[in-house]
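In my numbering, the protein residues as written are 12 to 253.
Heads up, the beta-carbon is just placed ideally off N, CA and C, and yes, glycines get one too.
First comes the structure, then the notes that go with it.
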Amino acid sequence: MSMRACIAVVIAAATLGFACSHGPTAPPAAPRGLGVAGVPPAIGWTTQFVARVTLSDGSSRDVTADAAWTSSNAAVVTVSNEGVVTGIDPGEADVQAAYQGFSGSAHVAIARPQCDASLWTHVYLPARLKITQDCETVTGVVMQQYSNDDGDIGIRVAVDPPYARLLNNGNRTNLNGWLQTEAICQTRFGANALEPQRACGDFKGTVPVPQVGARVVVTGTYVLDSNHGWMELHPITLLAIR
C-alpha cells in the first residue's frame, strides 16, 4: 500500500470512530480481604475506626463509609454506621466490619478508670458516703451546677442511657433522675464552715466547672450519700467538657 493510501485509511478510521487495539484489557482488581484498625477509646470518648479492603493487585481501598459495622459487646463499646467507636465500660470486645461478603475485626480492650484515692483526705464528713465502686466514669449533660458552703461544687448530670444503671430511687424521686457529682474544695466556704476548711486544707480543686447544658465526661468514686439517699460520684477525680 502506498503512503498516500495508508494515510487515507487512518483518516477514515478516525472519522468513523475506530481506535487501534493493543490487546485484551486487564480485569479490575477484585477484593481479597478486609482489615479493621483503630485506637481503643477511653470510657466516654470516641475514636474513628477504619475498614480497608485489600485488592487482588496488591493495593487497598478505604471502605469505612460503605461497610456494615457491629460491636460484639455493646456493653463495652458501641460503633456507629460510620465506624465511630464509643467506650462505654471496662472490658473487651471486637469491633467488626463487613463489606461485599468479606469481614474483618479489631479487638478492643477498655481499661478501668483510675480515681485519685488521696482526695478522700479532703472530703468533708466522708463517713456519710458509702462507697459502692472505687471508680466510675459517666457521660451526659449538665442540668444544674451550684456552690455549697463546704467548698464543694455540686454538678447534676442527666447521664446517657448506658449509665442509667447508676441511678437509684433517690436520684429518680429527688433529683429528676439526674446523677449528683461533687467537685470538692472548689469554691469559697460558708461563714461557719470551719470543719470543711480544715478538711480541704491547702488543697484546691482542679477540675473545670462546666456550665449548664455542657456535655461532660465525669470520673469519680461511686457512692451512696446516706444523708440524702441518692447515688453520687464524690469526689470527682476528672471532668472533661466535650
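{"Check": "Exposed unless 16 or more other CB atoms sit within 10 angstroms - verdict on tryptophan 241", "Outcome": "buried"}
{"Check": "Local conformation of serine 129 per DSSP, three classes", "Outcome": "helix"}
{"Check": "Identity of the residue in Thr184, Arg253 and Gly44 nearest alanine 108 by Cα", "Outcome": "Gly44"}
{"Check": "Environment of isoleucine 142 [buried if 16+ CB atoms lie within 10 Å]", "Outcome": "exposed"}
{"Check": "Enclosing beta strand (DSSP E) for glutamate 193 [first to last residue]", "Outcome": "190–194"}
{"Check": "Best match in Leu235, Thr230 and Asn203 for proximity to leucine 130 [C-alpha to C-alpha]", "Outcome": "Thr230"}
{"Check": "Cβ-based burial, glutamine 125 [other Cβ within 10 Å; buried from 16]", "Outcome": "exposed"}
{"Check": "Contacting residues, own chain, Cβ-Cβ under 6 Å from alanine 194 (five flanking each side not counted)", "Outcome": "Ile164, Gly216, Val218 and Ile247"}
{"Check": "Threonine 232 (DSSP reduced to helix, strand or coil)", "Outcome": "strand"}
{"Check": "Three-state secondary structure assigned by DSSP to alanine 104", "Outcome": "strand"}
{"Check": "Aspartate 160 to glycine 201 span [Cα, whole Å]", "Outcome": "4 Å"}
{"Check": "Where threonine 65 falls: helix, strand or coil (DSSP)", "Outcome": "strand"}
{"Check": "Counterpart residues of aspartate 161 in DSSP-defined beta bridges", "Outcome": "Paired residues: none, contrary to the question."}
{"Check": "Threonine 75 - DSSP class collapsed to helix/strand/coil", "Outcome": "coil"}
{"Check": "Proline 246, enclosing beta strand (DSSP E) - first and last residue", "Outcome": "241–252"}
{"Check": "Beta-carbon proximity list for arginine 139, same chain, < 7 Å, skipping 5 on both sides", "Outcome": "Asp236, Ser237 and Asn238"}
{"Check": "Boundaries (first-last residue) of the beta strand (DSSP E) holding arginine 43", "Outcome": "42–48"}
{"Check": "Check whether alanine 210 and valine 134 have beta carbons under 8 Å apart", "Outcome": "yes"}
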